[in-house]
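These notes concern the structure reproduced below.
Numbering (this note's numbering), first residue to last: 13 to 214.
Structural data, given as structure tokens:
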């Protein structure tokens, strides 16, 4: 997954691979599930949401990352690509020892109705991860991502998930801040008590 590059049709100031996108999506899916439970009366599993997110694009190991404008260009192409993805997931499962396949099948395939809400949370997290990437590129002076940022924000809003709306308003703005700005007291920075976020090793 680390060798699959995303945003193939876009000029990026920093390339993003599928491995890091999957990790970020898992972190976001976990957070959305926690928000669902703690603030909106839900009872979903944050751990399961994170696991589903880690594997949500695993089929791209074989298919590569088909750009969204191409994937959704017309219904026929979208249907054909869905079949390709399904075949790729089946191929991944077939490479596992037979006794392990039942464990991984629900992670790689769509699953039953009992996980429908978790899949929606993962989808929202997937879009949020892409939105964050657009914000990072725009902050780096790359205007090419401006329209994609607007489109992705609307897509998250259109999902009508209260936990996703909460994330947009309460947590997403922090992605536009430096580490120093997120930590708080600006006087420590101006007085030379802080080394600065760009000099830190995380």
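Every residue gets a Cβ at the ideal spot worked out from N, C-alpha and C, and that includes glycine.
| Asked | Found |
| --- | --- |
| Identify every run of the alpha helix (DSSP H) within the stretch 44-123, keeping only runs that are complete inside it and at least 4 residues long; order them along the chain. | 58-66, 72-75, 80-83, 87-106, 113-120 |
| Mapping DSSP to helix, strand and coil, what is residue 17? | strand |
| Let's test the definition: count the other Cβ atoms within 10 Å of the Cβ of residue 106 and tell me whether it reaches 16, buried, or not, exposed. | exposed |
| Given residue 199, which residues of its chain have a CB within under 6 Å of its CB, disregarding the five upstream and five downstream residues? | With a pLDDT of 46 at residue 199, under the threshold of 50, the modelled position of that residue is not reliable, and no figure is offered here. |
| Give the single residue among 184, 176, 185, 187 whose Cα lies nearest to the Cα of residue 49. | 176 |
| By how many angstroms is the C-alpha of residue 128 removed from the C-alpha of residue 185? | 28 Å |
| Excluding five sequence neighbours on each side, which residues of the same chain lie with their C-beta closer than 7 Å to the C-beta of residue 53? | none |
| Please classify residue 18 as buried or exposed, where buried requires at least 16 neighbouring CB atoms within 10 angstroms. | buried |
| Spell out the partners DSSP gives residue 29 in its beta bridges. | 17 |
| Between residue 121 and the ligand FMN, is the CB less than 7 Å from at least one heavy atom? | For the ligand FMN, the structure offers nothing, since it holds no ligand at all. |
| For residue 116, which residues from the same chain have a beta carbon less than 7 Å from its beta carbon, with the 5 sequence-adjacent residues on both sides left out? | 105, 108 |
| Do three or more CB pairs link the stretch 20-37 to the stretch 143-161 at distances below 8 Å? | yes |
| State whether the stretch 65-73 contacts the stretch 90-102, with contact taken as three or more CB pairs (one from each stretch) at a distance under 8 Å. | yes |
| Do you know whose CA, among 46, 136, 64, lies nearest residue 122's CA? | 64 |
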